[in-house]
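Residue numbers (the working numbering), protein chains in the order written: chain S, 77 to 647; chain B, 77 to 647. All C-beta atoms in this analysis are idealised placements derived from N, C-alpha and C, irrespective of residue type, glycine included. Keep in mind the model is a prediction, meaning the values are calculated, not measured. Structure record follows, encoded as structure tokens.
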């Protein structure tokens, strides 16, 4: 390319050089007859100056924000330096100025501090993406993707593609369907994950597979969900849990070093699902801060407190230096606890004035002393059954960390959550669901057969700073165990045959032990770039109602297209 | 991992070592009491031997083809060596044998020379993919993908993802549609290519983009087409044709060296569309052989031949040493010519017995001499209008090269086809179509405005050995030119607004000059692995009627799913 430099490269050392630059006009201003132009590209900004006696001066006067221009010129030392940017010591005196493309006034300001509404930003995404902060999200995404892939390739994994036009196998989320033109009334489905395909790669003997895979779920969207998302899909044969875990640790260590220059220590901590739930009230604990949950049931056994009467458990956590919380703040926390299925929130404070709190009239000094509080501590207590009390305290814990800034965004705490229950029982539907998916290997198939409720899975999630960034398991590689699993989930033989027949078949011709994991790429990028909006790390995202604001998709289509697909639109 | 070696690694140097292997049983046989097992993994085969007095002998007797086993043992020198495989000098005497997975007799033979029907192979794709030849196609695909990507990353291109759920913008091929659940009667479309998105990345200032992108076309399939295919999608700003071409040449040189250890010479030859058509009768000439087409119209001006009367052109080509072709063979070629819109096929031979051929009764020696034939040459002639005669001779040329083995599969001849017509006129519909796509920059917008038929495009295809492996262009970056283009294609303002409104809008806020190219990954892998079946290079392909034989997709879906999508199936 003919250009000599990017717009972040020139500094004092280049003074006197002839350079050739291009980019967008960030802004242009006329100061005492001189035209100053801030020229922007994806790397940075360089200041251009055009003097009144220059042949291109008239042209320069016409230039406005977002014009695309080329500049030839000489590097000069600036009079008033701007040491906030790398090129702030110099400016370019123009010898030739060419307008490549004019620009109308854009409907939003192209700068990091733009105050455009999200609707405007999504409609004019191509302008929103010009903002350096947005470019950085996607450039980091690129770098993260390359770093992850490089470890997998080095470790002998093959990057293999699987179809987007697959088969609908409804379990869990809703499929996106694609009507077939050649077979009336038949549909393809977009994959919720390449799960079956990747297991078939193992059956086929590839041994090590990965893919940066697009996945699709037609679910009602939450703030951090999109209809299509990207996962780093990994599967290997002849391995056990620790092989997969070491691989993922290697990927994370390399990626954090390469992209953020952050040293992450491996191996990561391992924690059972049970410990995570009981100590942190969640299966994705944020370990950047303590705030452990404890069981206070025994402590309250002999204290008569109406709020706790008839409750199986009393669980609680101590927030050091939390005694300063106001009544109003505590009311808000109480609200949060109830929203998360907690029965109620009680508290005990120790200040220089002694103990106080919502249980004061039921407690004496001896009772209080048994909590071993330090001055300025506050103890929160939630009565209820085990799961609900823990859930509520888990949510409270996150909220408190947020209020008291306990979580350093530059501290990355990974943890493996292991020993998952294999199944969940749905009391309403009176049936079991797979906690991960129906291909997960039970720790002991006998327990699955005899006492499904007690069955554990060879499954593991990887959690970073309170977010699940990946999940995986060792898979069932034995046809009989797979059949048992389907049966336990309440699928009839016919169901199984219709939906998974080919897959159960595949297991009988020599299937190696295998397992894997899928990393949520979007979420990893979010955590590594410190944004909480998933749309920031996706170039062309959908709104929360699954709409593309820029393209206006979904849209109506020609009648003839529907006819070819043998479809009619009903109500 | 606990295993010590792959199954291609052990040789004479390892004799005496204790090793730990795993894999599939290729075959197992009992010879004079000894059990011999060929153990296979994705790398190769190792011979295992179990003696009758060994503790695992009974187990070994039970082992059949495609069992998955683990073996601990000692490397011994073999008595009867097999020098055809890397491990043929040794065998492993078993100390421990573990069956990881049993196997029923598979419905097809798992070996390169399997004679299973394609239907069987597709139904049991996971077994078909166990065959080393099939594994190799996908492993080469992996390597080719990595090699291509590495050049792009090194050149500063960002790998950026674009949506699969997009908007239907029918021009050219038919879209796959995805019904929306939230908006009754509205549909997403799967992308035929990320064309618009990649241009928007340029509008957004990313400057260098690529993606290994899934693309979709709901067209009637030919042998080398699939409903979904993969392209290496590339776009850059502030560049011209030669920048893109150099980049692609760098990619090809690197990829052929890295994957095949073949030296490809760059820069590649450039040839105008006109020259390609007139000399090779195709826009994707195979340059591994000559067989140039020439114009014989003038030569026949003064010879009265009924077959040529009233025809505008007589075109022909000389096949050296082709005089041995039989009458029957020539009849078949004549058939081919007519199938390819040629009016007729005439021929002239020169053998030791003199001139002969289908025009003999109209020709004298003087006429014959003017062709400058060598002994054993055959000259084929096709009369007709320019395009049809050239087309027919283009097809004849390929067929002759095939019959006479003129094309060395290990010779890779790249050529750029340039100077494309911008538009094609459809006589029936009385309208223009874009020869590439409607975003292609005309060489001169004035010509497009005044005389569209004569307009040339800044477009370039890259052709390898007779196959188009990629195509691209410099794009329109000016809103007015884009509007002119749409108008020339017969789109009303309303059409444009409805389908491309946001895109035409985008062009007005400062769009850099830009262009790019898309490489057909499937086809590149086919050419580099010397297969002519596109299904070989796709892990889970569809049949020619767009069916997944293994999964049985497309399939019927629950009534409730259709109801949620507001759809009814008609006839």
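Minimum Cα-Cα distance from residue 473 of chain B among the listed residues B/131, B/563, B/364 corresponds to B/364. Taking 3 residues as the minimum length, the beta strand (DSSP E) runs contained wholly in the region 369 to 411 of chain S are 369 to 371, 389 to 395, in order along the chain.
Shown here, residue 218 of chain B sits in a helix according to DSSP, grouped into three states. Under the three-state reduction of DSSP output, residue 184 of chain B falls in the coil class, being neither helix nor strand.
Within chain B, 237 have C-beta atoms less than 7 Å from the C-beta of residue 306 of chain S, given in sequence order. Taking C-alpha positions only, residue 275 of chain B is separated from residue 591 of chain B by approximately 8 Å. Under a criterion of Cβ atoms nearer than 8 Å, the residues of chain S adjacent to residue 587 of chain B are, in order, 144, 177. The region 277 to 304 of chain B contains, as complete beta strand (DSSP E) runs of 3+ residues, the segments 284 to 292 (chain order).
Going by DSSP, residue 460 of chain B is part of the beta strand (DSSP E) stretching over 454 to 460. Between the C-alpha atoms of residue 128 of chain S and residue 588 of chain B there is a straight-line separation of about 27 Å. Per the C-alpha coordinates, the member of B/528, B/482, B/508, B/292 positioned closest to residue 541 of chain B is B/482.
The shortest C-alpha to C-alpha distance from residue 205 of chain S to any of B/383, B/146, B/283 is the one to B/283. Taken in chain order, the members of the region 241 to 264 of chain S whose beta-carbon sits within less than 9 Å of a beta-carbon on chain B are 241, 242, 243, 244, 245, 246, 250, 251, 252, 253, 254, 255, 256, 257, 258, 259, 260, 261, 262, 263, 264. Residues of the region 315 to 336 of chain B with a C-beta atom less than 7 Å from some C-beta of chain S are 315, 319, listed in chain order. The alpha-carbon separation between residue 457 of chain S and residue 391 of chain S amounts to approximately 6 Å. Within the region 579 to 605 of chain B, the runs of beta strand (DSSP E) that reach at least 3 residues and sit entirely inside it are, in chain order, 590 to 596.
Beta-bridge pairing by DSSP links residue 347 of chain B to B/493. Taking a Cβ-Cβ threshold of 9 Å, none of the residues of chain B is close to residue 594 of chain S; the smallest such distance is about 16 Å.
DSSP, reduced to helix, strand and coil, places residue 511 of chain B outside both helices and strands of the structure shown, so it counts as coil. Residue 120 of chain B sits in coil when the DSSP states are folded into three classes, being neither helix nor strand. By the C-beta density criterion, residue 219 of chain B is buried, having at least 16 other C-beta atoms within 10 angstroms. Close to residue 234 of chain B, with beta-carbon spacing below 8 Å, are these residues of chain S in chain order: 214, 215, 218. Assignment of residue 92 of chain S by DSSP, reduced to helix, strand and coil, places it in the coil class.
Nearest to residue 476 of chain B by C-alpha distance, out of B/412, B/564, B/507, is B/412.
Note on geometry: alpha-carbon atoms of residue 556 of chain B and residue 613 of chain S lie some 33 Å from one another. Of all residues in the region 517 to 531 of chain S, none has a C-beta nearer than 9 Å to a C-beta of chain B. Not a single C-beta of chain S is nearer than 8 Å to the C-beta of residue 359 of chain B. The beta carbon of residue 446 of chain S does not come within 8 Å of any beta carbon belonging to chain B, so the residue lies off that interface. When only Cα atoms are considered, residue 573 of chain B and residue 561 of chain B end up about 14 Å apart. At the C-beta level, residue 245 of chain B and residue 551 of chain B stay beyond 8 Å of one another.
Your pair residue 236 of chain S and residue 214 of chain B checks out as a contact, with CB atoms roughly 6 Å apart and the cut at 8 Å. Interface annotation, residue 136 of chain B: not in contact with chain S, CB-CB separation never under 8 Å. For residue 485 of chain S, no beta strand (DSSP E) encloses it, and the DSSP letter there is neither H nor E.
Any Cβ of chain S closer than 8 Å to the Cβ of residue 611 of chain B would place that residue at the interface, and such an atom is absent. Pairing residue 143 of chain S with residue 95 of chain S gives a Cβ-Cβ distance that is not under 8 Å.
Assigned with DSSP and collapsed to three states, residue 447 of chain B falls in coil, not helix or strand.
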